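Please read the structure below before turning to the comments.
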């Protein structure tokens, strides 16, 4: 077993709130500088920047968990990750068909672009990505799991767009692969006030929107080698694998 | 005034929880934030919301609310229907928006 450092919640320039400097190249460079072995590419309601980032990261020995930060109908933010391009593409179709037809206003929300290795814009998303999908959290959770993906409610300690802020408390029987804590949880002692989260594995990630935020907190996976399956096994604590938050 | 009495007036459709139709209504609370309802709604009140997640039944049960009205023709999720039937907390839906249904209810309740 080895320790692998992961930051599973990073926005790119595709997210309207993501800094324009958050190109795949810059993200990979910053992740490498911070000593991260695994990064999660999680734009708001889109997976379209994952493929390019994964290719560039792999050249530097960094593994990319490909997915998105989904906004549920209740406006709960949840991370969803997929093992291969087939399931990732199926999820993109789901996102496209369930995101309302409301267009982005770049002057108010910022640009939503996919950029390639050479920082050229290769796609611009017209629909406003920070909107909520027309699907409830439980429906989205079922769909993610039907694609054999990982479903992780994001920054549960935050006072907005978290499962606690939107739904009052952790729903009974919530089928989550982990719960994510924000960097603020280092200070707000959320875990001490909410013992019920001890029934779940926790991760902690940066939710980086700017390059300098990448890796400001991280999660460690103790696994023999890096793969989607090993990370899933580490979240479940299978055969001595484990997950620890830093 | 009972839940059963307002169904016709408000053109409500019962989704689930028929066992609670004889619940007495003492007032009404309008909110989409579950933590706010937990903090501020009172026993016997009717709750108007656009939230459809199963947590609304847990909140209504905790606060002994009379029933839940979903606005704009929203429907409840499967888990919500199941729990509503278990707890006998009626979930109803109206095609009206929050402003309209709250306005009509205000008139009805104040008349009493």
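Protein chains in written order, with the working numbering: chain V, 2 to 247; chain Y, 3 to 114. All C-beta atoms in this analysis are idealised placements derived from N, C-alpha and C, irrespective of residue type, glycine included. Predicted, not measured: the structure shown is a model, and the values here were computed from it.
Would you mind stating whether residue 30 of chain Y and residue 50 of chain Y have Cβ atoms separated by less than 8 Å?
yes
Rounded separation between residue 34 of chain Y and residue 76 of chain V - CA only:
11 Å
How would you write the range of the alpha helix (DSSP H) that residue 51 of chain V sits in, first residue to last?
51-60
Should residue 21 of chain V be labelled buried (16 or more other beta-carbon atoms within 10 Å of its own) or exposed?
exposed
Candidates V/3, V/239, V/25 and V/218, of which the one nearest residue 120 of chain V by Cα:
V/25
Pick from V/50, V/151 and V/93 that is closest to residue 23 of chain V, judged by C-alpha positions:
The candidate whose alpha carbon is nearest that of residue 23 of chain V is V/50.
Please return the same chain residues whose Cβ sits closer than 6 Å to the Cβ of residue 303 of chain V, not counting the five positions on each side in sequence.
No answer is possible for residue 303 of chain V: the residues shown for chain V start at 2 and end at 247.
Proximity below 8 Å, CB of residue 130 of chain V to CB of residue 207 of chain V
no
Closest to residue 120 of chain Y by CA distance: which of Y/11, Y/25 and Y/43 is it?
No answer is possible for residue 120 of chain Y: the residues shown for chain Y start at 3 and end at 114.
Out of Y/75, Y/72 and Y/63, state which residue places its alpha-carbon closest to the alpha-carbon of residue 43 of chain Y.
Y/63
For residue 6 of chain V and residue 236 of chain V, what's the separation of their Cα atoms in angstroms?
14 Å
The stretch 25-34 of chain V contacting the stretch 95-111 of chain V, beta-carbon criterion three pairs below 8 Å
no
Residue(s) in a DSSP beta bridge with residue 66 of chain V:
In the DSSP secondary-structure assignment, residue 66 of chain V is bridged to V/41.
Since residue 186 of chain V and residue 205 of chain V should fall inside the 8 Å C-beta cutoff, what is the C-beta to C-beta distance between them, to a whole number of angstroms?
6 Å
List, in chain order, every chain V residue whose beta-carbon is nearer than 7 Å to that of residue 48 of chain Y.
The contacting residues do not exist; residue 48 of chain Y stays about 19 Å from chain V at best.
Would you mind stating whether residue 168 of chain V and residue 36 of chain Y have Cβ atoms separated by less than 8 Å?
Result yes, Cβ atoms of residue 168 of chain V and residue 36 of chain Y sit closer than 8 Å.
For residue 90 of chain Y and residue 19 of chain Y, the rounded distance between their alpha carbons
5 Å
Beta carbon proximity, residue 11 of chain Y to chain V, threshold 8 Å
no
For residue 4 of chain V, count neighbouring Cβ atoms within 10 angstroms of its own Cβ and tell me buried if that reaches 16, exposed if not.
Exposed, since its Cβ has fewer than 16 Cβ neighbours within 10 Å.
In the DSSP assignment, find the alpha helix (DSSP H) that holds residue 112 of chain V and state where it starts and stops.
That residue, residue 112 of chain V, is in no alpha helix (DSSP H); it is neither H nor E in DSSP.
Alpha-carbon to alpha-carbon, residue 80 of chain V and residue 91 of chain V
In a straight line, the C-alpha of residue 91 of chain V is about 16 Å away from that of residue 80 of chain V.
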